[in-house]
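Quick note on numbering: the working numbering labels position 16 of the sequence shown as 204, and the sequence is numbered without any gaps.
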Amino acid sequence: MSKPDTVSVQYLRVRVFDYTFADLPSGTFVPALKLPMGSVLIAAFNLVEIPSNAGTSDVLDIGTAAAPASFLDNNDFKTAAKTAFTALGGPFAQGLRLGVTRTAVGTSATAGRGCVVVQYVVKGTADEVYG
189 MSKPDTVSVQ YLRVRVFDYT FADLPSGTFV PALKLPMGSV LIAAFNLVEI
239 PSNAGTSDVL DIGTAAAPAS FLDNNDFKTA AKTAFTALGG PFAQGLRLGV
289 TRTAVGTSAT AGRGCVVVQY VVKGTADEVY G
């Protein structure tokens with residue numbers, strides 16, 4: 189009888205960044221999540237739980253400092269909704285540092301809450317090995 193191949197199994201990892209309107213000053217890139225080297229995004233989304241009540245408009249961009257809207261561009265912070273990232277990817281050789289940039293127009297918000305959820309694996313790691 190032949191020996192079965194060794195199989196590595198990796199658990200899905202999840203990171204969550206909770207935010208409120210007060211945590212995100214308009215026009216400022218706010219660092220949110222840092223993922224390790226070799227990370228591969230499996231799924232990611234922004235969830236607006238309580239909509240912003242800013243005057244005219246209120247949108248969120250999610251990306252890196254170099255490309256602030258690279259994963260989500262102009263996501264409406266005034267509407268309660270779950271919005272998937274428009275791009276995934278990896279493995280990220282230097283890791284991945286995600287941040288949120290809010291652009292509010294009109295009267296200042298007094299409400300608004302949500303979270304960014306990122307599901308990922310790290311290439312080259314194993315939580316269990318079978319075989």
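Where a beta carbon is used, it is the ideal one built from N, C-alpha and C, also for glycine.
Asked: With a 10 Å radius around its C-beta and 16 neighbouring C-beta atoms as the bar for buried, classify G294 as buried or exposed.; Found: exposed
Asked: Could you tell me how far apart the beta carbons of K266 and D246 are, in whole angstroms, since I believe they sit closer than 8 angstroms?; Found: 5 angstroms
Asked: Anyone know if the C-beta pair for L286 and G251 falls short of 8 angstroms?; Found: yes
Asked: Could you pull out every residue in the same chain whose Cβ sits closer than 6 angstroms to the Cβ of A297, ignoring the five residues on either side in sequence?; Found: F209, S240, N241 and A242
Asked: Which same chain residues end up closer than 8 angstroms to P197 when comparing Cβ atoms and leaving out the 5 residues on each side of it in sequence?; Found: In the sequence under discussion, the amino acid at residue 197 is Val, which differs from the Pro named in the question. The residues are A314, D315, E316, V317 and Y318.
Asked: Could you check where the beta strand (DSSP E) with Y318 kicks off and where it finishes?; Found: E316 to Y318
Asked: Go through its chain and collect everything with a Cβ distance to A227's Cβ below 6 angstroms, but skip five positions before and after it.; Found: Ala is not the amino acid found at residue 227; the sequence shown has Ser there. Once the five neighbours on either side are set aside, the close Cβ partners of S227 are G278, F280, L284, Y308 and V310.
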